[in-house]
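In our numbering, the protein residues as written are 49 to 738.
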C-alpha cells in the first residue's frame with residue numbers, strides 16, 4: 049500500500065490515528081473483514097480522507113466517527129450496520145453520495161449536518177425518527193420521507209437552502225421546533241396528518257421566505273395541536289390549503305400575528321376560512337355556510353362586507369379589530385354570531401340583525417365605539433356577557449320579548465345610553481350589566497324580575513329615580529353605588545340582599561357588611577324596607593320616621609355631620625356598628641322599646657358625652673360603646689337590663705361610675721361579661737321603691 053492508503057485490522061477502530069501527521073495524509077482506508085465497530089471519533093478530523101471501504105462485518109458506526117472529514121466524497125455503508133451515532137458525518141462538506149443500510153431505524157442527531165454537497169439521500173424504509181438537526185445546513189435539493197417516520201426533531205432540515213419542497217407523510221405524529229426553518233428555496237410544503245394526535249411545534253417552517261403554498265391534508269381532530277408561528281416570516285406565502293380546519297386554534301397563530309402580505313382568502317369546503325390582507329372589495333362566495341373564527345381578524349383594509357344568504361354562522365373573532373369596517377349586510381339566514389365577532393369594529397354606526405339570529409356571543413360588539421343604534425332580533429333568549437360593553441356612542445337599546453337574562457357587563461361603560469326598555473320576560477340582570485352608564489336616566493324594571501346583580505347600576509350618575517318591582521328577590525352588593533343623582537327609590541317590602549355569590553342572607557344580616565347598596569348616592573334620603581332603616585345619607589341630624597322597627601347595621605357608620613340622635617319609640621333593635629365612627633355625635637337617647645343594642649353600635653364615637661338608655665333595654669352588645677373617651681357618667685335601666693357584653697365600654701377612660709336605676713330589691717338578673725366595664729369604674733344601684 050502507498051503512504052496515503054491504510055489497512056485497518058482488529059476487531060474495532062478504537063484509538064486509531066493518534067498520530068496527527070497520519071490524520072492529515074491518509075486518503076483511503078480499507079477496513080479488515082474482522083472489524084465489527086467503528087468507534088467514537090475514530091476518523092474525526094481526517095481532513096485528507098477521500099474514501100473508506102467498510103466491510104459487512106461492521107454493525108455500528110460510533111458518534112463523530114467521520115466528523116470533519118471534509119475531503120470524503122462518497123461512502124457505502126453495508127446493510128450489516130444498524131446504528132450510526134450522533135455527529136457521525138457532520139462537517140463532511142464534500143460528501144456528495146452516501147448509501148445507508150436498509151435496516152437503519154433512526155437518523156441520529158447532527159449526523160449529516162453541514163454536508164453541503166449532499167443533494168439527495170435515499171432514506172431506508174425502516175426509519176421512524178429523524179432526530180435533532182440531522183440534516184441542518186446540508187445541500188439537500190430533493191427529500192423523500194419514508195412512510196414509517198413518526199418524529200421529525202427540532203431543526204432537522206433547518207437552513208437546507210437548496211430544498212424546494214417537503215412532503216410529510218401521514219405517519220408523522222410530531223414535528224418539532226424549527227424543523228424546516230429558513231429553507232430559503234422551499235416553495236411548497238405538504239403535510240398529511242395522521243388519524244391520531246398530531247403536534248406542530250413552534251416555527252416549523254419559519255423564515256422560509258420563498259414558500260408560496262402549503263397544504264395540510266387529512267382530518268385535524270381534537271387531539272391535534274398547533275403552536276404559534278408555524279409559518280412565521282414566510283413573507284411570500286399565498287395560500288394554505290386545509291381540508292378540515294375545525295380544530296385548528298386559529299390560522300393567525302400560524303403567522304405569530306405577522307401576516308404574509310400576499311396571503312389571500314381561503315375556502316375550506318363551504319367555510320370561509322381566511323381573508324388575509326386582501327384589499328376591498330372582498331366577496332364571500334355564494335354557497336358559503338360559515339365564516340370561520342378569525343377569518344377577517346384585524347383586516348384594516350376592510351370597509352364594507354356583504355355576507356351571502358347561505359351563511360348561517362359567523363365564528364369567534366371573525367371580524368375582530370376591523371376598525372375601518374363601516375357597513376355590513378348580514379345573511380338573512382344567519383343564526384349565530386360568535387364571541388368577539390365584531391369586537392373593536394369602531395367604524396360601525398348601525399346594525400340591523402336578520403330575524404333568524406338566535407344567539408349573539410360573549411363580547412360580540414365589545415368596544416364598537418361608533419355604534420349608536422341597535423335593534424336586537426326577536427329570537428334571542430338571553431343577552432350575552434359584554435355584548436355591547438364599552439360602546440360609548442350607543443344611545444338607546446330595546447331588548448326583545450322573550451329575553452330572560454341580561455349577562456355580566458352586557459352594557460358596561462355605554463356612557464351615552466340614556467334609556468333602556470326591558471320586557472316582562474326578564475328574570476335576571478347579572479353583575480355590572482349597566483355599570484357606568486353615566487347618562488342613563490330612564491329605566492323601567494319589569495314585573496317578573498327576580499334578581500339584580502352586584503353593581504348593576506353602579507356609576508349611573510344621571511339615574512334619579514327607580515322602582516324595584518315586588519317580584520325582586522335578590523339585590524347584589526353595590527347595586528346602586530355612586531348613583532349621585534338618585535333621589536327616589538321604591539323597594540319591595542321583602543327581598544334578600546346578596547352579600548356574595550356563595551351566601552345570600554336576610555337584609556338585617558347583610559347590613560353587618562355595611563349594606564353598600566347605596567354607597568355614594570349623595571342625594572338619596574333614608575331608605576326603609578319593611579320597617580328596617582337600611583341606609584341614610586350623611587347630611588347632618590336626621591329624624592327617623594315613625595314605623596321604623598330596626599336600625600340596620602352600619603346605617604350611620606362613619607357619618608361625620610351627625611351630632612345628635614333621638615331614636616323614636618317603636619324601634620326594637622339597633623344593629624351592629626349602626627353609629628360606629630360618628631365622630632361628631634355628642635348625644636343619644638335610646639327609648640325603652642329597644643330591646644338590644646348591637647355589637648359596636650356606638651364604637652368610636654369620640655365626642656359622645658351624653659347617653660340616655662331608658663327602661664326596657666335588655667342587652668348591650670360587645671364593644672357597643674367602646675372607645676368613647678368622652679363618657680364620664682352613665683345611667684342604665686337596672687330593672688330591665690340583663691346583659692352587658694364583653695368590652696361594652698372598653699376604652700371609655702373617663703367613665704368613673706355607672707348607676708343602675710330602678711334596680712330591684714330582689715337579686716338582679718344583670719350579667720356582666722368579661723371586661724364589660726373598665727376596672728376602675730364604680731357601680732351604684734338605685735333600688736326601686738316598693
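C-beta: ideal position from N, C-alpha, C; glycine also.
For clarity, every value in this text was computed on a predicted model and none was experimentally measured.
Is the beta carbon of residue 391 sitting closer than 9 Å to the one on residue 414? Along the chain shown, read from residue 1 onward, the residue named residue 391 stands at position 343. Along the chain shown, read from residue 1 onward, the residue named residue 414 stands at position 366. Yes.
In whole angstroms, what separates the C-alpha of residue 350 from that of residue 394? Mapped onto the chain shown, residue 350 falls at position 302. Mapped onto the chain shown, residue 394 falls at position 346. Straight-line Cα distance between these residues: approximately 12 Å.
Should residue 719 be labelled buried (16 or more other beta-carbon atoms within 10 Å of its own) or exposed? Taking the chain shown and counting its residues from 1, one reaches residue 719 at position 671. With fewer than 16 other Cβ atoms within 10 Å, it is exposed.
Just checking residue 280 against the ligand ADP - is the residue's beta carbon closer than 8 Å to any of the ligand's heavy atoms? Here there are no bound small molecules, and the ligand ADP is not part of this structure.
Rounded straight-line distance, which links the Cα of residue 87 to that of residue 103: Locating residue 103 in the chain shown gives position 55, where the first residue counts as 1. Locating residue 87 in the chain shown gives position 39, where the first residue counts as 1. Going from the Cα of residue 103 to the Cα of residue 87 covers about 15 Å.
Can you tell which of 617, 591 and 374 has the C-alpha that lies nearest to the C-alpha of residue 641? One-based indexing of the chain shown puts residue 641 at position 593. Ranking the options by Cα distance to residue 641, first place goes to 617.
With a Cβ-Cβ cutoff of 9 Å, do residue 23 and residue 519 count as a contact? Given that the chain is displayed from residue 49 to residue 738, the structure contains no residue 23 and the question cannot be resolved.
Which runs of the beta strand (DSSP E) fall wholly inside the region 125 to 168 and span at least 3 residues, in chain order? 145 to 147
Can you list, in chain order, the residues of its chain with a C-beta nearer than 6 Å to that of residue 636? Leave out the 5 residues immediately preceding and following it. Within the chain shown, the letter at position 588 stands for residue 636. The residues are 613 and 659.
Let's test the definition: count the other Cβ atoms within 10 Å of the Cβ of residue 95 and tell me whether it reaches 16, buried, or not, exposed. Mapped onto the chain shown, residue 95 falls at position 47. With fewer than 16 Cβ atoms within 10 Å of its Cβ, residue 95 is classed as exposed.
Take the Cβ of residue 135 as the centre, count every other Cβ of all protein chains shown within 10 Å, and call the residue buried at 16 or more, exposed below. The sequence position of residue 135 within the chain shown is 87, counting from 1. Residue 135 should be labelled buried.
Please go through the same chain and pick out, in chain order, the residues whose beta-carbon is closer than 6 Å to the beta-carbon of residue 195, but skip the five residues on each side of it. For this step, residue 195 is matched to residue 147 along the chain shown. If we look at residue 195 and ignore the five residues flanking it on each side, its Cβ neighbours are 217 and 219.
Run through DSSP, which three-state label would residue 728 get? By one-based count along the chain shown, residue 728 stands at place 680. The answer is coil: DSSP assigns residue 728 none of H, G, I, E or B.
Buried versus exposed, by CB contacts within 10 Å (16 or more), residue 593: For the purposes of this step, residue 593 is identified with residue 545 of the chain shown, where counting begins at 1. Result: exposed.
To the nearest angstrom, report how far apart residue 724 and residue 662 are at their CA atoms. Indexing the chain shown from 1 puts residue 724 at position 676. Indexing the chain shown from 1 puts residue 662 at position 614. When rounded, the distance between both Cα atoms is 19 Å.
N-terminal and C-terminal residue of the beta strand (DSSP E) that residue 659 is part of: Here residue 659 refers to the residue found at position 611 of the chain shown. From DSSP, the beta strand (DSSP E) with residue 659 extends over 658 to 661.
Roughly how far, in whole angstroms, is the beta-carbon of residue 623 from the beta-carbon of residue 656, given that I think they are within contact range, below 8 Å? Your numbering for residue 623 matches position 575 in the chain shown. Your numbering for residue 656 matches position 608 in the chain shown. In fact, because the Cβ distance is near 18 Å, the residues do not count as touching under 8 Å.
Can you name, in chain order, every residue of its own chain whose Cβ lies under 6 Å from the Cβ of residue 476, other than the five neighbours on each side? Along the chain shown, read from residue 1 onward, the residue named residue 476 stands at position 428. Hits under 6 Å: 453 and 499.
Output needed for residue 701: all residues of its chain with C-beta closer than 6 Å, excluding positions within five of it in sequence on either side, in chain order. The residue given as residue 701 occupies position 653 in the chain shown. Closer than 6 Å at the Cβ level, and outside the excluded window around residue 701, lie 677.
What residues are listed by DSSP as bridge partners for residue 199? Here residue 199 refers to the residue found at position 151 of the chain shown. Looking at the DSSP assignment, residue 199 forms a beta bridge with 177 and 222.
Return helix, strand or coil for residue 279, following the three-state DSSP convention. Your numbering for residue 279 matches position 231 in the chain shown. Reduced to three states, the DSSP call for residue 279 is coil.
Restricting to Cα atoms, I'd like to know which of 211, 253 and 210 is closest to residue 227. Taking the first residue of the chain shown as 1, we reach residue 227 at position 179. Here the closest residue by C-alpha is 253.
I'd like to confirm the pairing. Which residues does DSSP put opposite residue 35 in its beta bridges? No answer is possible for residue 35: it lies beyond the span of the chain, which begins at 49 and ends at 738.
Anyone know if the C-beta pair for residue 173 and residue 202 falls short of 9 Å? Numbered from its first residue, the chain shown carries residue 173 at position 125. Numbered from its first residue, the chain shown carries residue 202 at position 154. Cβ distance not < 9 Å, so residue 173 and residue 202 don't count as in contact.
Buried or exposed for residue 231, going by 16 or more other Cβ atoms inside 10 Å? One-based indexing of the chain shown puts residue 231 at position 183. Under this definition residue 231 is a buried residue.
Starting from residue 583, trace the beta strand (DSSP E) both ways and give me its first and last residue. Locating residue 583 in the chain shown gives position 535, counting from the first residue. Per DSSP, residue 583 belongs to the beta strand (DSSP E) from 580 to 583.
What would DSSP say about residue 711, mapped onto helix, strand or coil? Here residue 711 corresponds to residue number 663 of the chain shown, with the count starting at 1. Three-state DSSP puts residue 711 in a strand.
Using three-state DSSP, classify residue 35 as helix, strand or coil. The question about residue 35 has no answer, for the chain in this structure spans 49 to 738.
Nearest chain E C-beta to residue 518 closer than 9 Å, yes or no? No chain E appears in the structure shown, which is made up of a single protein chain.
Under the assumption that residue 644 contacts residue 626 (Cβ atoms under 8 Å), give the Cβ distance between them as a whole number of angstroms. In the chain shown, the residue the question calls residue 644 occupies position 596. In the chain shown, the residue the question calls residue 626 occupies position 578. No, residue 644 and residue 626 are not in contact; Cβ-Cβ is about 11 Å, not under 8 Å.
Just the C-alpha distance for residue 258 and residue 237, rounded to the nearest angstrom, thanks. Here the question's residue 258 lines up with position 210 in the chain shown. Here the question's residue 237 lines up with position 189 in the chain shown. One C-alpha to the other measures close to 11 Å.
Three-state secondary structure (DSSP) of residue 269: Taking the first residue of the chain shown as 1, we reach residue 269 at position 221. Legend: pLDDT at residue 269 = 47, less than 50; position of this residue unreliable, value from coordinates given subsequently. Here DSSP, grouped into helix, strand and coil, assigns residue 269 to coil.
How would you label residue 502, buried or exposed, when you count the other beta carbons within 10 angstroms and need 16 or more for buried? Counting from 1 along the chain shown, the entry for residue 502 is found at position 454. By the 10 Å Cβ count, residue 502 comes out buried.
For residue 363, does the count of other Cβ atoms within 10 angstroms reach 16, so buried, or fall short, so exposed? As a first step, residue 363 is located in the chain shown; it is residue number 315 there, counting from the start. Label assigned to residue 363: buried.
Give the list of continuous beta strand (DSSP E) stretches no shorter than 3 residues that lie fully inside the region 416 to 484. 421 to 423, 444 to 446 and 467 to 469
Hey, quick one: how far does the beta strand (DSSP E) through residue 209 stretch, first residue to last? The residue labelled residue 209 in the question sits at position 161 within the chain shown. Run containing residue 209: none; DSSP gives neither H nor E here.
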